[in-house]
Each structure stands twice: as C-alpha cells, then as structure tokens.
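Visitor: Supplied in structure tokens, the structure appears directly below.
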Amino acid sequence: MSMAGRFLGGAQDRLLPAAIPFRFFVTAAVFHLLAWMVLLLAADEVAGFRGGTGPVLAAIHLLTLGTLAMTAIGASLQLFPVVTRRALTRNWPGHFSYALMLPGVALLSWGMALHQTTAMQLGAGLTCCGLLVFVALTANNLRRASSIPVVAAHGWLALATLFVAALLGVLMIWGIELNILSNRSGLAITHLTLASYGFMGSLILGLSLVLIPMFVLSRSLPPNPGWAQLGLTALALLVFSISFVSEFPGLIWLALIAGFGGTGFYLWQMAKILRSSMRKRLGLPFVLMRASWGFLILTLLLVTAYLAGLAIPNAVSLIGFVLLAGWLLTFLCGVLQRIMPFLASMHAAGKSGLPPLLSDLTAEGPLMLHAVCHFSAVTLCGIGIVADQSLLIRIGSALGVVGAAGFATFAIIVALKVRQGPRTS
Amino acid sequence: MSNEVPGTYWMAADGLHVDTRGLPPPDPLVAVLWHITQPERNGPVIAHFDRDPVYLLPELAERGWSYEYGAPDSDEVRLTLRPAP
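Residue numbers (our numbering), protein chains in the order written: chain A, 1399 to 1823; chain B, 151 to 235.
The structure is reproduced here in structure tokens:
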C-alpha cells in the first residue's frame, strides 16, 4: 500500500499493491518476446496457416493469453476499482490468478507447439482456472459499482465473452482427442472473435472512456455514445457467433454493420477527447494508440472484403495478424508504456512532497526501439503474408523480437524502480 | 476550457478551494490541473475529493507542485497544493 494509502486508511485506497499489476505487466512483456520468437521459428507456416496445432498456434496463444490477457488482467485489477469506486475485497485472488495463469499459458503454448494433447489439456485447465479467478474477482467488484455504469457494463460484456471464449477453447482441445466436433473451423473463428473483439475489445472500448481522457487530460464524456458503442458491439458479437456456430452465413453482414457502428461511436468519442485535450504533447504512446485505431478499421475492412469475395491472398492469416498484432498488441503497448511509469510514480508517492517525475521512471530509448521495430515488423509480416513470402515474415518477426526485447527492457526497468520502494517524506 | 472546467471553486483566506466531490473520473484530475496551470496561480490550492486522488500525484510532480494530505476525514480527502520551492 502506498504511503498515501496508509495515511488515509484502507477504505479509500484503491491502489493495489504494486506487485499485482506489475507481475502481470512484466510477464506480458516476456510472453510478447516469446511470441515473436516462436513466430520467427515458424515463419514458413504463417502465411498458409488455417488453424490446427503447431508453432503458429502456440505463437498466437503466447500473444493472446500471455501478452494481451496478462496485460488486460493487470490493468483491469488496478483500474476497475477506480472506475467503480469500490476497492477489491481481497488481494490474494490477484496473486492466485497469476500463479495459475503463468504455468497454464506456458504449458498450453508448449503443448500446442509440439502437438502434445495432455500438455494442452493441463495448460488449458490451469489457464481457465486463472481466468475464472479473475472473472470472479472482477465480477464481485463490478457488482458493487457505484460510478460510471457504462464502463462497468463494458466490463460485464468482457467477462461474459471471456467465459464463452474459454469454454470454446477447452471444447476444441478436448475435441481433438474425442473427435466430436463437426464444425471445428466455425468454433475456432467464434473463439477468436469472442476472445479478441469480445473480451479484449470490450475492455479496450470501456476502459478507454476513462483512460484516454485521463492520459490526455480531457473531461469525461456524456454516457449515451458509450451505451450506443456497447449495444452495437454486443449485437455484433452475438450475431457473429450465431452465424458461425449455426452455419447461417447471411447473418454475418448484420454483425459487420453493427461492428462498424460500434467502432464508429468509439472512434468518434476518442477524436472528441483528443480535440479537447489539455496536454500539448501526447508522445510516443499516442503514436501507437492512434495507429492501433487505424488497424482496427483495417481489420473490419479486410473482413468485409473477404466476405464480399474479393481475392485477398491468405486473407484468413492476414485478418488474424492485423487483428492481434496490429490492433490489440499496438494499443496495449501504447497503454502500458503510459501507465507503467504512472503507476510506479503513484506507488512511490508519500503523504506529502513530490513523487518521482514520470520521465525518471521510463526508458525512452528502449521504447523508441520498440516502436520502430514493431511498426516495421507488422508491415513486413503483413506484406509477407499477402505475398506468401516466408523471408519477409522471417525478417519481420526478427524485427518483432528486437522490438519486444526493447519493450521488455523498459518493463523491467520500471518494475525495478518500483521495487526500490516508496519514498519517505 | 474555462467555461467547461468541472467542479466548483471559491477563494478563502487559506487559498483557492476546488471541490471535485461527486465528479466522475477523470474530471477531478482535470479540474485541479486546470486551476493550478492558470498563469496567475501561485498560492495554495486546497482540493477536496471524495476519494484518494492517487492519479493526480504524478501530474502534480510534472508541473512542479507539491502536495500535502489534510487530516483524515470520513467525508472527503483534502490536499493542499503549493508550487514546489
């Protein structure tokens, strides 16, 4: 607990012990590095990937569960209590969730890479238990929410879609052995959609309504556009899932229209926030976040083109790559490089005086290296997938490894500064 | 932004008071930072919150303002803000 928190007493303090969010964030940075490394090793299989176990699937899960979900959990545990104005009732479930997720994701990815069904089952079991602890902890907090209901409602949608996505994932892993699934590709696409647009997307759309104004120093938004964004996103996810599981493809156009609508409301609100910003220089994090919004639009356009029958080579791989590495990874790297020094400064704050400057708690060189390598990696891999050129994907993945190493260096530097402990004043 | 600054404020003998209680996040942050960045502001600012404004502290440091928590109160959290010497 921060000095300020101790001074004020526990009831008003919603700042978690630094170990909880930072443990998730540093682990996310390490899995990020591993994901690019595995992609580099599997470069020949990326363009033609259509599902199934192997190193590409392992790289996908190192990214989605290891990096994206770890970041989302760490950020949610810290931010939802601020949004809901209700402190987490206990800290140990956060530690417990991490203790289950870490070996779970490692084992699951290892099993996927080497086609080891038992390892996958065990890894999936541990990961799902870790996610379930997070769902229970967050649901308990959201249930007691007394502030900003539109953000809390996004949290509920995220938890619901995470639950279904995890269930489908487990079903597919068990289905490999039992051979019981007739519509495996439909389930896989629904699993990916609910996990990415559903869980991660709902969290990003909801928490952006608080985080982005806080980052740029802009007033809170009126709630109605946020409700419209939520309603359209939920409709898109529901109709998309029904269309794939029921093999009734006509519905997918309705889902796409709703998806474009939800995205439109979101980006309109983000533009409004940026226009009224009190902060003059938004810096590198917002270069990444703005680019990620471009990738979000690109994924929807690619899905539309694919469904309309346009001949995009390796369209499925390309859409998945732009969705995960383009939109979600770029956005979360932008958020993390803004929020980690911010949290570190808050934890170092005393009951009076001046906390450390944010500029003293970051590492600009490694972050610049990451940004340059990340954008180069996404571009080269994207072109490599369309052109079916393994060499381009290999070079792109190698740049991704270098960028991820830069980001991990930043994360470790900030975490070490937090470990030095709060200033006394 | 001056017409849109959230919260209420008044001048008293001990400095400018800014009351952000009841505002949703991040409006308390925006209100306090708006007041301390006004060109004529160099005296103490007494900020009233209904919760610990932990997210404000790094922003104060960036602007060279120090803070001091007031005595614990069940109804509010009070910070006295001054330009750092």
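Using N, Cα and C, we set each Cβ at its ideal position, and we do this for glycine too.
Looking at residue 1347/A: is its Cβ nearer than 8 Å to the Cβ of residue 1725/A?
Guide: The requested residue 1347/A does not occur in the structure, where chain A is confined to residues 1399 to 1823.
Visitor: Quick check on residue 1747/A - is its C-beta less than 8 Å from some C-beta in chain B?
Guide: It does; some Cβ of chain B falls within 8 Å.
Visitor: Can residue 1456/A and residue 1436/A be called in contact, C-beta distance under 8 Å?
Guide: It is a contact, given that the beta carbons lie within the stated cut-off.
Visitor: Which residues in chain B sit within 9 Å of residue 1615/A, going by Cβ to Cβ distance?
Guide: Chain B residues near residue 1615/A: 176, 179, 180, 183, 184, 209.
Visitor: Residue 228/B lies in the beta strand (DSSP E); which residues open and close that run?
Guide: From DSSP, the beta strand (DSSP E) with residue 228/B extends over 227-233.
Visitor: If distances are taken between C-alpha atoms only, which option among 1762/A, 1796/A, 1462/A comes closest to residue 1775/A?
Guide: It is 1796/A whose Cα lies nearest to the Cα of residue 1775/A.
Visitor: In the DSSP assignment, the alpha helix (DSSP H) including residue 1741/A goes from what residue to what residue?
Guide: Start and end: 1728-1746.
Visitor: How many angstroms separate the CA atom of residue 178/B from the CA atom of residue 171/B?
Guide: Going from the Cα of residue 178/B to the Cα of residue 171/B covers about 8 Å.
Visitor: If you drop the 5 nearest sequence neighbours on each side, which residues of the same chain put their C-beta closer than 6 Å to that of residue 1642/A?
Guide: These residues qualify, in order along the chain: 1584, 1587, 1588.
Visitor: Using the beta-carbon of each residue, which ones in chain A are nearer than 9 Å to residue 154/B?
Guide: Correct list: 1617, 1674.
Visitor: Do residue 1736/A and residue 1613/A come within 8 Å of each other at the CB atom, strictly closer than that value?
Guide: Cβ atoms of residue 1613/A and residue 1736/A: closer than 8 Å.
Visitor: Kindly examine the ligand ADP and report whether one of its heavy atoms sits closer than 7 Å to the Cβ of residue 1718/A.
Guide: No copy of the ligand ADP occurs in the structure displayed, which carries no ligand at all.
Visitor: Along the region 194-219 of chain B, what residues have a CB closer than 7 Å to any CB found in chain A?
Guide: Per Cβ criterion, the list reads 201, 202, 204, 205, 207, 208, 211, 212, 216, 217, 218, 219.
Visitor: Could you tell me whether the Cβ atoms of residue 1668/A and residue 1602/A are closer together than 8 Å?
Guide: Cβ distance not < 8 Å, so residue 1668/A and residue 1602/A don't count as in contact.
Visitor: Against chain B, does residue 1737/A count as a neighbour if the rule is that its beta carbon must be under 8 Å from one of theirs?
Guide: Answer no: the Cβ-Cβ gap between residue 1737/A and chain B never drops below 8 Å.
Visitor: Rounded to whole angstroms, what's the CA-CA distance from residue 1754/A to residue 205/B? Just pull it up for me.
Guide: Each residue's Cα considered, the two are about 13 Å apart.
Visitor: Looking at the unbroken alpha helix (DSSP H) that takes in residue 165/B, where does it start and where does it end?
Guide: Careful: residue 165/B lies outside any alpha helix (DSSP H), inside the beta strand (DSSP E) at 165-169.
Visitor: Using CA coordinates, which residue listed in 1526/A, 1685/A, 1491/A, 1523/A is at the minimum distance from residue 1539/A?
Guide: With distances taken between Cα atoms, residue 1539/A lies closest to 1491/A.
Visitor: From the DSSP output, read off the bridge partner residues of residue 1663/A.
Guide: DSSP output for residue 1663/A lists no bridge partner at all.
Visitor: My parser needs the alpha helix (DSSP H) runs of 4 or more residues fully inside the region 1576-1638 of chain A; what are they?
Guide: Fully enclosed alpha helix (DSSP H) runs of 4 or longer: 1582-1591, 1599-1614.
Visitor: For residue 1790/A and residue 1512/A, what's the separation of their Cα atoms in angstroms?
Guide: Near 25 Å, if we compare the C-alpha coordinates of residue 1512/A and residue 1790/A.
Visitor: Compute the beta-carbon to beta-carbon distance between residue 1592/A and residue 1562/A, rounded to the nearest angstrom, for a pair I have assumed lies under 8 Å.
Guide: With 8 Å as the limit, residue 1592/A and residue 1562/A qualify as a contact, their Cβ atoms being about 5 Å apart.
Visitor: For the region 1581-1613 of chain A, which residues have a beta carbon sitting closer than 8 Å to at least one beta carbon of chain B?
Guide: Here the close residues are 1608, 1611, 1612.
Visitor: Mapping DSSP to helix, strand and coil, what is residue 1402/A?
Guide: Per-residue confidence for residue 1402/A stands at a pLDDT of 41, beneath the threshold of 50, marking its modelled position as unreliable; no derived number is given.
Visitor: Could you pull out every unbroken beta strand (DSSP E) segment of at least 3 residues lying fully inside the region 1487-1559 of chain A, listed in chain order?
Guide: Taking only runs of at least 3 residues, no beta strand (DSSP E) segment lies wholly in the region 1487-1559 of chain A.
Visitor: On the DSSP letters alone, give me the boundaries of the beta strand (DSSP E) that residue 217/B sits inside.
Guide: That run of the beta strand (DSSP E) goes 215-219.
Visitor: Does the pairing of the region 1754-1768 of chain A with the region 1624-1633 of chain A give three or more beta-carbon distances under 8 Å?
Guide: With a cut-off of 8 Å, the region 1624-1633 of chain A and the region 1754-1768 of chain A do not count as touching, because too few Cβ pairs lie within range.
Visitor: Buried or exposed for residue 1479/A, please, with buried defined as at least 16 other CB atoms from any protein chain shown within 10 angstroms of its CB.
Guide: When all chains shown are included, residue 1479/A counts as buried.
Visitor: With a CB to CB cut of under 6 Å and the five nearest residues on each side skipped, what residues in its chain are close to residue 1772/A?
Guide: Same-chain partners within the cutoff: 1801.
Visitor: Would you be able to state if there are at least three C-beta pairs under 8 Å between the region 1520-1534 of chain A and the region 1489-1506 of chain A?
Guide: The region 1489-1506 of chain A, when compared against the region 1520-1534 of chain A, does touch it at the 8 Å Cβ threshold.
Visitor: Indicate the three-state DSSP secondary structure (helix, strand or coil) for residue 161/B in the structure shown.
Guide: If DSSP states are grouped into helix, strand and coil, residue 161/B belongs with the strands.
Visitor: Please report the straight-line C-alpha distance between residue 1618/A and residue 1546/A, rounded to a whole angstrom.
Guide: Whole-angstrom Cα-Cα distance: 10 Å.
Visitor: Are the CB atoms of residue 1465/A and residue 1426/A nearer to each other than 8 Å?
Guide: Yes; because the gap between Cβ atoms is below 8 Å, this pair is in contact.
Visitor: Listing by chain order, which chain A residues have their CB less than 8 Å from the CB of residue 234/B?
Guide: Within chain A, the residues near residue 234/B are 1752.
Visitor: Can you give me the Cβ contacts of residue 184/B inside the same chain, cut-off strictly under 6 Å, excluding the 5 residues immediately before and after it?
Guide: Once the five neighbours on either side are set aside, the close Cβ partners of residue 184/B are 155.
Visitor: Using a Cβ cut-off of 7 Å, pull out every chain B residue sitting near residue 1483/A, in sequence order please.
Guide: Under the 7 Å cutoff, chain B gives 201.
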